[in-house]
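Read top to bottom, the protein sequences are chains H and U. Final position of the first sequence in our numbering is 118; the numbers increase by one with none missing. Final position of the second sequence in our numbering is 782; the numbers increase by one with none missing.
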Amino acid sequence: MTIALLLAAALAVACVVVVALPFLSEPDPETDELDELDEDERRRLELLEERDRALSALKELEFDHRTGTITDQDYREEVGPLRREAATALQKLDRDARGQHAATPPKRGTSDESANLR
Amino acid sequence: MPELGRAALVVTLGLVAYAFVAGAVAAHLGRRRLAQSAQNALIAAFFTTLIASLVLVAALLRHDFSFTYVARTTSEALPTGYTISAFWGGQEGSLLLWLLILTGFGAAAVRLNRRWARDLIVWVVPVFAAVATFFAFLVVAIASPFVTQVAPPDGAGMTPSLQNPYMLAHPPLLYLGYVGLTVPFAFALGALLSGRLDERWLIATRRWTLFAWTALGIGQLLGAHWAYVEVGWGGYYAWDPVENAALMPWLAATAFLHSVMIQEKRGMLRIWNVLLVILAFSLSLFGTFLTRSGVVNSIHSFTQSAIGPWFLAFIGLTVAVSLTLVFWRLPLLRSPTKLESPISREAAFLYNNLLLLALCLAILWGVVYPMLSEAIRGEAVVLGRSYYDFFLRAFGLPLLLLMGIGPLIAWRRASLRSLATAFRWPTLVALSTGVVLLVLGAGSSTPGLVAYTFSTFVGATIVMEFARGTRARKALGAASWLGAFASLMARNRRRYGGYVVHASIVLLAIGIAGSSAFDTVAEAKLTQGESLAVGGYTLVYKSLAERQSANATEIRATLGVQRGDKELGTLEAGKNAYTIEQQVSNEVGIRSDKLTGEDLFVIAEQIDPDGSVYFRVFVKPLVNLIWLAGLVFLLGSLITLWPDRREQRRLVARSSEAGLAAAR
């Protein structure tokens, strides 16, 4: 019983250390703020999702057409609007990136997404 | 060492309670170190729960009957495998397993998604911790597996029907499924709390949901096979409330796995998806409540216990908090896109969702109706098999048909002409099969005939999709047909893995229709030398023998089996009398025809002292397709679950592009 209680006490102490580790390893940090997306970054993430969704839909339509799952008629009707959607999403991202460039120097290199369409 | 087990659980409770409070404060105030500390607490809680679990397993293996739990669920004579399975064979142990899996999944989900969804994870941790706090509280204060007593000379043993190899895998798989549904729930609530309702919570949880769904599906099939070979009533699914309890969250998760595709492809159904996740998780809690509260009478349920009201309160709280959050975030959840046409792939998925949900709710009503009628009128009115069978046909058959239609329709809208082109061949094949089956006599059961016809239709669409896809890959430059097929699967794992899962559902439908709509049954009391004819077989009762195994006396009747003039060997059926448990179980005899998938199933219902035996015999056509469906289902799920490095890279790159740098 004594050994069990000693082990239990050691376990509790170890857990306290693990839980306190972020404070022990950084007692006086430069910043304690959470790394979160700001409003601009969140809007950009939404635009990126929109872009990926449009490109993925286009890719799937092409594949379905190639396999014959989608007929020529359905393909012709769908491909135009999907291409426009993808182009719009890329243009919005470009505008957003240019706006950010103008406002602040970039944190990291941003590519010209419209290259994806070419 | 019960003290160590108890202490480890108390520490677990402290850790998860801390993770809940500190995590919530950190997320609300935006404190980085506090959030990290809460994450550490959740991860540490897994290890402390693991220690408690190891203490219990060690006590089981040492037959330490000073643990009340060990004495109540095992005995000295119980084989080692079943002794270990006693860990989840009783209420307290199974709750500990719940907590172990929950903290393990929580720790893993937090670690795996931290690179690209860190801002979301901060809110996920307190949700996980809140659920874990409830379960930790139960095993510390209400149903502890570490209660001790003066050790009796031997334990009470294990219920004989649980002494079956399937019991080593069936319950843990169901727990993996039930608990796995906590992951999408925690991420959905984290997304609602934080307002980060972009796609990341869906992507982070897709594989977890698929894993939980696979585990629940396989767990249920193993349970069905256990009921078939062990319980000895001649079937595999009895619409028992506890069986239904596992089926309902599986149906809700199936609906979610389909509707999530609509959100990913079209940005639609955002409210619906969150609601489905909440429903699936709440149903998994409800299932656990049904098994453990003692409110239903089932062979699966544990005895009447004190945890029922706690569970009910927790389910109520979960539903209330979740729905309040959904209501609060409605403006953020509204979808910018609308359904463009009722004839489109997203519309087909939506119909599929409505049917799945309707079936789920019909089953839920069947489960709660006896409880409600007992509470209101003082008499439990049980809705029988015919109730469930009606809804299975009414919603299940259209669902089966939709499984073939959905993948062949275009997204957004499809023209009637292209529908005619796409469905020409599958319809022709299905109708031809239906007519042939009708001529062969399958018209004796209309639902059975419809199930076969629809199954053929879906099977034809799946074969066609694989053939077309492989041909397209070959045209793109694959060296061989095999290479083209492999490339097709590797590049579209989710889609073609999904088709493999659909193929398994087709096998399941054929197996269920064959074995339930077209089965034959005969029964008779036979003395040695007498025979019984059923479904083309003749069984001759040859002899009766008694033998002793490690923990039971086994009595077996041997029957000679003939089909026409052909001798097919012998079959044994009988009973086991378990000495310590003082219980008797049916041990059925099954002869499977590997070529046709048919079973000859013999139950020795009653063995008289004069050696005569009352036999009940079933012939179940195609029943083995149900178990084959399990293997195909597992294969399809594994293909879909397989990690996709390209997708991971894309997600990290997208988060990085948005500003959430991996290194930050």
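Where a beta carbon is used, it is the ideal one built from N, C-alpha and C, also for glycine. All of these numbers come straight from a predicted model, not from anything done at the bench.
- Residue state for residue 541 (chain U) is assigned as helix, using DSSP reduced to three classes.
- Selection U:590, U:332, U:346, U:670 evaluated against residue 615 (chain U) yields U:332 as nearest (Cα-Cα).
- Taking CB atoms only, residue 233 (chain U) has no neighbour in chain H less than 8 Å away.
- The region 272–284 of chain U and the region 179–199 of chain U touch, with no fewer than 3 CB-CB distances between them shorter than 8 Å.
- Comparing alpha carbon positions, the residue from U:157, U:321, U:223 closest to residue 762 (chain U) is U:321.
- From the listed residues U:540, U:586, U:291, U:242, the smallest Cα separation to residue 212 (chain U) is found for U:291.
- If you check each beta-carbon in the region 381–412 of chain U against every beta-carbon of chain H, the ones closer than 9 Å belong to 382, 383, 384, 385.
- Sorting U:228, U:295, U:311, U:204 by C-alpha distance to the C-alpha of residue 279 (chain U) places U:204 at the top.
- By the Cβ neighbour-count rule, residue 319 (chain U) is buried, with 16 or more other Cβ atoms within 10 Å of its own.
- Chain-ordered, the chain U residues with CB closer than 7 Å to the CB of residue 66 (chain H) read 590.
- Apart from sequence neighbours up to five positions away, the residues of its chain that approach residue 297 (chain U) with a beta-carbon distance below 7 Å are 216, 219, 220, 223, ordered along the chain.
- Taking 8 Å as the cut-off, the beta carbon of residue 13 (chain H) is found no closer than this to the beta carbon of residue 136 (chain U).
- Listed in chain order, the positions of the region 266–279 of chain U with a beta carbon within less than 9 Å of a beta carbon of chain H would be empty, since no residue qualifies.
- Per DSSP, residue 630 (chain U) has no beta bridge partner at all.
- Residue contact check for residue 19 (chain H) against chain U: a CB pair falls below 8 Å.
- Among the bridge pairs identified by DSSP, residue 49 (chain H) is matched with none.
- Straight-line spacing of the CA atoms in residue 707 (chain U) and residue 660 (chain U) works out to 14 Å.
- Rounded to whole angstroms, the Cβ separation of residue 313 (chain U) and residue 450 (chain U) is 6 Å, and the two are in contact under 8 Å.
- At a cut-off of 8 Å, the C-beta of residue 172 (chain U) has no neighbouring C-beta in chain H.
- Cβ proximity to chain H below 7 Å picks out nothing from the region 704–717 of chain U.
- The C-beta of residue 494 (chain U) has fewer than 16 other C-beta atoms within 10 Å across all chains shown, which makes the residue exposed.
- Between residue 59 (chain H) and residue 38 (chain H), the alpha-carbon positions lie close to 31 Å from each other.
- In terms of beta-carbon proximity, residue 46 (chain H) lines the interface with chain U, with at least one pair separated by less than 8 Å.
- Annotation: residue 89 (chain H) has no Cβ neighbours in chain U at a cutoff of 9 Å; minimum Cβ distance is about 11 Å.
- Using a CB distance cut-off of 8 Å, residue 86 (chain H) does not count as an interface residue toward chain U.
- For chain H, the residues of the region 761–775 of chain U that bring a beta carbon within less than 7 Å of one of its beta carbons are 772, 775, in chain order.
- For a Cβ distance threshold of 9 Å, nothing in chain H lies close to residue 624 (chain U): the least Cβ distance comes to about 19 Å.
- Per DSSP, residue 598 (chain U) lies in no alpha helix (DSSP H) and is assigned neither H nor E.
- The beta carbon of residue 12 (chain H) falls within 8 Å of a beta carbon belonging to chain U, placing the residue at that interface.
- Bridge partners of residue 695 (chain U) according to DSSP: U:671, U:702.
- Taking a 10 Å sphere around the C-beta of residue 210 (chain U), we find 16 or more other C-beta atoms and assign the residue as buried.
- The beta-carbon distance between residue 739 (chain U) and residue 633 (chain U), rounded to whole angstroms, is 7 Å. This is short enough to meet the 8 Å contact definition.
- With respect to the 8 Å criterion, residue 120 (chain U) and residue 668 (chain U) are not classified as neighbours on the basis of their beta carbons.
- Per the coordinates, the alpha-carbon of residue 183 (chain U) lies some 13 Å from the alpha-carbon of residue 173 (chain U).
- In the assembly as shown, residue 651 (chain U) is an exposed residue. Its beta-carbon has fewer than 16 other beta-carbons within 10 Å.
- Three or more beta-carbon pairs separated by less than 8 Å are not found between the region 263–272 of chain U and the region 225–242 of chain U, which leaves the two stretches without contact.
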